[in-house]
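Visitor: Take this structure, written in C-alpha cells, and hold onto it; I'll ask about it next.
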C-alpha cells in the first residue's frame, strides 16, 4: 500500500471528531461506543504503519499537498514516530473503554471530541517534520488538554486548568518567538532543512532561539521550574485523561525537545544548552520525588512520581550520547506502560470508592484483589526492582549518565529513587496490611486491560532484549541526524 | 524590605533576559535577503496554485496542513467553551434591549454584513482576507442581533451540526486529494483537472482554495456565533 495513506493517522481522528455533533442525539452509550470504535481503527492504522516502517527499515515520509519539503509540510514517520504513534493509539483505545465506566459528567459528546483531538495533537507532534507544524499540533494538544482538565467542572478543576492555561500560554509564546528567530536566521521551517543549515546560523541567534523553543516545550514536557501546573491538572482531570497526559502527552513534549535538540547539534553553543537541560532534569527528579513523599492522595502522589520519571527521561535525552538517547526512549516506552497501568487502576479505585485519598486504599488487597495486585506490580516496577521493565531502562540511563561524565546527577537521581521506594512501599503496605471494608466486584474490561499491562511489564522485565532492539532503532532515529536529513526528499530552493 | 529585594531581583533578571533576547534579535539579519522558501512561493505561486493572492496560496495550499490544524484549534476552543459552560437548561437573561439606533441599524445592516463576510471568504484567492476574517465578519452579524434583541437566539443545534459538517468537508477535500492525486490535501482541481487555467485573477480559479475557504468561512462563522451564544446564556433552574 502507498505510504501516503499514513496521513490517515491525522485525517481519521479529525474527521471523526467533527462527526460527533451529528450523532450526539443518540445518547451517551452511542458516543462512547463510537469513541472505542474510532480508537480501535486508529490502532489498526498505526499498527500497519509501524509494521511497514519496521519491516522495510525506512521511514514513511508523508508529503502534504504533494509539495516537496521545504516548500510544503512533510510528516516524518520513522522508527521513533511509528513506535509512539502506535503506543498513543493503543493507550487511547484502552482509555476509550475505561471512559465508559469513568466519565459520567455531561456533555459526553464534547468529551469525545476533545479526547479524539488530544490523541490527534500528540500524534501530530510526534509525526511532523516541520517546526511550525509542530507548533500547530502543540496548540491542538495543549488547548484540548486545558479543556479536558477543567471538564469535571469542580472548583479545583477550574483552578488547575487556569494554571495550566497561563503556563501553557507563556510556553507557546516562547516557542513561537524561538521559531520566528530561527526562521528569520535561516529562511526555512522544515526540520531537515534546518538541520542542514544549523551550522551556519549566527551562534547567539541559534542559542537564544533554541533556548526559547526548549523553554516553551518544557511546559508540556513538565520540566522544573515550569511544571507547577502538572500535579493539579493530573489530579483534577477525568481519570482516563490523566492516563493520556502521563502516557503520551508529556512524551510528545519530551520527544519534541529531543528531536529539536539533536537537529541543531551543528550549531555553536549547543553543549552549553545540553548542560542546562541536564541540570533542569536533575532538579525535576529531585523536587518531584520529594514532593511526592508528602502527598495524602494516591493519584496526586503518582502524578509527582510521573514527573520524576519524566525528569529522568529528559536527563537521558540531554546526555548527548547514543546510549543516553536509546535508554531514554526505552524509559519512555516503559513509563508509558507502567503509568498507564497505575493511573488506570488508581482511577478505577477512585471511581469505585469515590475518591483517591490514601485512606481509600486501606485493605484494598481484600476488597479489590485484582486491582490491588496490579497496582502493586506497577509500584514495584516504578521503583525499579529487577525483573520488572523499568529496572532495565533505569539502569541503562544511569550507566549512560556516568559514561557521559554526569556522576553527580546520577548520584542525586539514585538518592531520589530511594525516596520513591519509600512512598510506593507505603502505598503497597496500606493496601495489603491494613484492614479495610468489604469485597467489591471488579469490572471485567478494566481488569483485562490492567492484567494485559501488568503482563507486559513483567514480560519486558524478563525478556528485555526484543524491546531493546526496537527502542534502539527508535533512539537512532532521534540521534542520527545525518540519516534524518538524507531521508527527507528536500528540493533545492533559493540560490 | 524583603519585597523590595524581591522586586529588584525580578527587575534585574528581567533586564538580563531582555538583554540576552535583544542580542539574539540583533543577530537576525533584518531586511536582508533570507527568504529561501519565500522566494520560491513568489516565483511559482500563479502557475502552481492559480491564486493571485500569494498569502492565501501559502496558507491554504502550500501549507494546508497548518491551516487544517488552525481550524481544529478554533474548533477545540469552541468545543471547550461549550463543554465547560454546559448546563442542563440555559436561557438568555438580558433585560434591556438595544436602543432604537441599534435595533433599526441592525435590521438594516445584518444582511449586508453577512454578504460582505461571504464576499471576503469567496474571494480569498484574489483579495486580502479569506475564511477566517470572512467567518468572523459573519459572526459579527449574529453578535449584532444578540445585542439588539433580548429574545434573539441562534438555532444552536443546527449551528453545531453545520460546524461539524464543515469540518468534515475540509478533511474530505483533503482525502479526495489523497484518492485522486496520491497526496493528502492535494489540489486536484488545479493540478489534475486544470480547471480555470485561463481564468487566473478571476473568481473561478485557484483550484480548491475557494472551496476550502468557503468551508472555513462557514465553520468560523458558526463557531464564533456559538461561542457568543454560550457565553451570553445563563443557567436557569426549574
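Protein chains in written order, with our numbering: chain F, 1 to 495; chain R, 1 to 238.
Even glycine gets a Cβ: it sits at the ideal position worked out from N, Cα and C.
#1: Check whether chain R comes within 8 Å of residue 232(F), counting only Cβ atoms and requiring the distance to be less than that.
#2: Name the one or two DSSP bridge partners that residue 297(F) has.
#3: Take residue 391(F) and list the residues in its own chain whose beta-carbon comes closer than 7 Å to its own, dropping the five residues that flank it on each side.
#4: Using beta-carbon positions only, say whether residue 51(R) and residue 41(R) come within less than 8 Å of one another.
#5: Determine the closest residue to residue 101(R) out of 145(R), 210(R), 231(R) and 88(R), with distance taken between C-alpha atoms.
#6: Going along the chain, which residues of its own chain have a beta-carbon closer than 8 Å to the beta-carbon of residue 451(F), five neighbours each way excluded?
#7: For the stretch 34-115 of chain F, which segments carrying the alpha helix (DSSP H) assignment without a break, of at least 4 residues, lie completely within its bounds, in sequence order?
#8: Considering just the uninterrupted stretch of the alpha helix (DSSP H) at residue 48(R), what are its terminal residues?
#9: The alpha helix (DSSP H) with residue 230(R) in it runs from where to where?
#10: Should residue 488(F) go down as buried or exposed, given a rule of 16 or more other Cβ atoms within 10 Å for buried?
#11: Given 7 Å as the limit, tell me if residue 191(R) has its C-beta closer than that to any heavy atom belonging to the ligand GDP.
#12: Using a Cβ-Cβ cutoff of less than 7 Å, which residues in the same chain neighbour residue 526(F) once the five nearest sequence positions on both sides are dropped?
#13: Measure the Cβ-Cβ separation of residue 376(F) and residue 431(F) and say whether it is below 8 Å.
#14: Restricting to Cα atoms, I'd like to know which of 355(F), 281(F), 240(F) and 161(F) is closest to residue 214(F).
#15: Pick helix, strand or coil for residue 130(F), following the three-state DSSP scheme.
#16: Could you tell me the boundaries of the alpha helix (DSSP H) in which residue 259(F) lies?
#17: Tell me, which residues are paired with residue 235(R) by DSSP?
#18: Tell me, which residues are paired with residue 190(F) by DSSP?
#19: Does the CB of residue 270(F) have a neighbour CB from chain R at under 8 Å?
#20: Which same chain residues, not among the five before or five after residue 97(R), have their C-beta less than 6 Å away from its C-beta?
#21: Beta-carbon separation of residue 78(R) and residue 223(R) under 8 Å?
#22: Does residue 23(R) have its Cβ less than 8 Å from a Cβ in chain F?
#23: Using a C-beta to C-beta distance shorter than 7 Å, which residues of chain F count as neighbours of residue 66(R)?
#24: Is the CB-CB distance between residue 69(F) and residue 193(F) below 8 Å?
#25: Residues of chain R with CB under 7 Å from residue 68(F), in chain order?
#26: I'd like to know whether the C-beta atoms of residue 212(F) and residue 256(F) end up nearer to each other than 8 Å.
#27: Would you tell me roughly how many angstroms separate the C-alpha atoms of residue 476(F) and residue 330(F), rounded to the nearest one?
#28: Out of 167(R), 208(R), 108(R) and 220(R), which has the shortest C-alpha to C-alpha gap to residue 187(R)?
#29: How do the stretch 229-240 of chain F and the stretch 87-107 of chain F stand: do at least 3 beta-carbon pairs fall below 8 Å, yes or no?
#30: Which chain R residues sit within Cβ distance under 7 Å of residue 7(F)?
#31: I'd like to know whether the C-beta of residue 86(R) is nearer than 8 Å to at least one C-beta of chain F.
#32: Which chain F residues are close to residue 171(R), counting only those with a beta carbon under 8 Å from its beta carbon?
#33: Count Cβ pairs between the stretch 244-261 of chain F and the stretch 336-350 of chain F that sit closer than 8 Å; are there 3 or more?
#34: DSSP three-state call for residue 377(F): helix, strand or coil?
#35: Terminal residues of the continuous alpha helix (DSSP H) containing residue 426(F)?
#36: If we cut at 8 Å on Cβ distances, does residue 2(F) have a partner in chain R?
Guide: In short:
#1: Your numbering for residue 232(F) matches position 232 in the first chain. Contacts with chain R at 8 Å (Cβ-Cβ) do not include residue 232(F).
#2: Here residue 297(F) is taken as the residue at index 297 of the first chain, counted from 1. In the DSSP output, where bridge partners are listed per residue, residue 297(F) has 357(F).
#3: Sequence index remark: in the first chain, residue 391(F) carries index 391 (1-based). Around residue 391(F): 384, 385 and 461.
#4: For the purposes of this step, residue 51(R) is identified with residue 51 of the second chain, where counting begins at 1. For the purposes of this step, residue 41(R) is identified with residue 41 of the second chain, where counting begins at 1. Note that the C-beta distance between residue 51(R) and residue 41(R) is not below 8 Å.
#5: Stepping through the second chain from its first residue, residue 101(R) is reached at position 101. Minimum Cα distance to residue 101(R) is reached at 145(R).
#6: Locating residue 451(F) in the first chain gives position 451, where the first residue counts as 1. Beyond the five residues adjoining it in sequence on each side, residue 451(F) comes within less than 8 Å, by CB distance, of 370 and 374 in the same chain, given in chain order.
#7: Under the rule that a run must span 4 or more residues, the alpha helix (DSSP H) segments found entirely inside the stretch 34-115 of chain F read 79-102.
#8: The residue you call residue 48(R) lines up with position 48 of the second chain. From DSSP, the alpha helix (DSSP H) with residue 48(R) extends over 36-49.
#9: As a position in the second chain, residue 230(R) is number 230, starting the count at 1. Here the alpha helix (DSSP H) through residue 230(R) covers 209-232.
#10: Position 488 of the first chain, counted from the start, is the residue given in the question as residue 488(F). Under this definition residue 488(F) is a buried residue.
#11: Annotation note on the ligand GDP: not contained in the displayed structure, which lists no ligands.
#12: Only positions 1 to 495 of chain F appear in the structure, and residue 526(F) is not among them; the question remains open.
#13: Along the first chain, one-based indexing puts residue 376(F) at 376. Along the first chain, one-based indexing puts residue 431(F) at 431. The answer is yes: Cβ separation under 8 Å.
#14: Against the first chain, residue 214(F) aligns to sequence position 214. For the residues 355(F), 281(F), 240(F) and 161(F), the minimum Cα distance to residue 214(F) belongs to 281(F).
#15: Sequence index remark: in the first chain, residue 130(F) carries index 130 (1-based). If DSSP states are grouped into helix, strand and coil, residue 130(F) belongs with the strands.
#16: As a first step, residue 259(F) must be located in the first chain, where it is residue number 259. Segment 250-263, the alpha helix (DSSP H) holding residue 259(F).
#17: Position 235 of the second chain, counted from the first residue, corresponds to residue 235(R). Per DSSP, 90(R).
#18: Position 190 of the first chain holds residue 190(F). Its beta-bridge partners are 130(F).
#19: On the first chain, residue 270(F) is found 270 positions in, with the first residue counted as 1. When Cβ-Cβ separations below 8 Å define contact, residue 270(F) makes no contact with chain R.
#20: Here residue 97(R) corresponds to residue number 97 of the second chain, with the count starting at 1. Closer than 6 Å at Cβ, skipping near neighbours: 150.
#21: Indexing the second chain from 1 puts residue 78(R) at position 78. Indexing the second chain from 1 puts residue 223(R) at position 223. Residue 78(R) is a Cβ neighbour of residue 223(R), given a cutoff of 8 Å.
#22: On the second chain, residue 23(R) is found 23 positions in, with the first residue counted as 1. Chain F contact via Cβ: present.
#23: Taking the second chain and counting its residues from 1, one reaches residue 66(R) at position 66. Using a Cβ-Cβ cut-off of 7 Å, residue 66(R) is close to 73, 132, 133 and 136 of chain F, given in chain order.
#24: Here the question's residue 69(F) lines up with position 69 in the first chain. Here the question's residue 193(F) lines up with position 193 in the first chain. In this structure, residue 193(F) lies closer than 8 Å to residue 69(F) by Cβ.
#25: Your numbering for residue 68(F) matches position 68 in the first chain. None at all; the shortest Cβ gap to chain R is about 10 Å.
#26: Along the first chain, read from residue 1 onward, the residue named residue 212(F) stands at position 212. Along the first chain, read from residue 1 onward, the residue named residue 256(F) stands at position 256. No Cβ-Cβ contact shorter than 8 Å links residue 212(F) with residue 256(F).
#27: The residue labelled residue 476(F) in the question sits at position 476 within the first chain. The residue labelled residue 330(F) in the question sits at position 330 within the first chain. Cα to Cα, the separation comes out at about 12 Å.
#28: Sequence index remark: in the second chain, residue 187(R) carries index 187 (1-based). Nearest option by C-alpha distance: 208(R).
#29: The stretch 229-240 of chain F, when compared against the stretch 87-107 of chain F, does touch it at the 8 Å Cβ threshold.
#30: Translated into the one-based positions of the first chain, residue 7(F) becomes position 7. Result: 178 and 184.
#31: Residue mapping note: residue 86(R) aligns to position 86 of the second chain, counting from 1. Yes, residue 86(R) counts as interfacial toward chain F.
#32: For the purposes of this step, residue 171(R) is taken as the residue at position 171 of the second chain. For residue 171(R), the neighbours in chain F by C-beta distance under 8 Å run, in chain order, 11, 14, 15 and 18.
#33: These segments touch.
#34: Taking the first residue of the first chain as position 1, residue 377(F) is located at position 377. If DSSP states are grouped into helix, strand and coil, residue 377(F) belongs with the helices.
#35: Residue mapping note: residue 426(F) aligns to position 426 of the first chain, counting from 1. For residue 426(F), the enclosing alpha helix (DSSP H) has its first and last residue at 407-433.
#36: Taking the first residue of the first chain as 1, we reach residue 2(F) at position 2. Cβ-Cβ to chain R under 8 Å: yes for residue 2(F).
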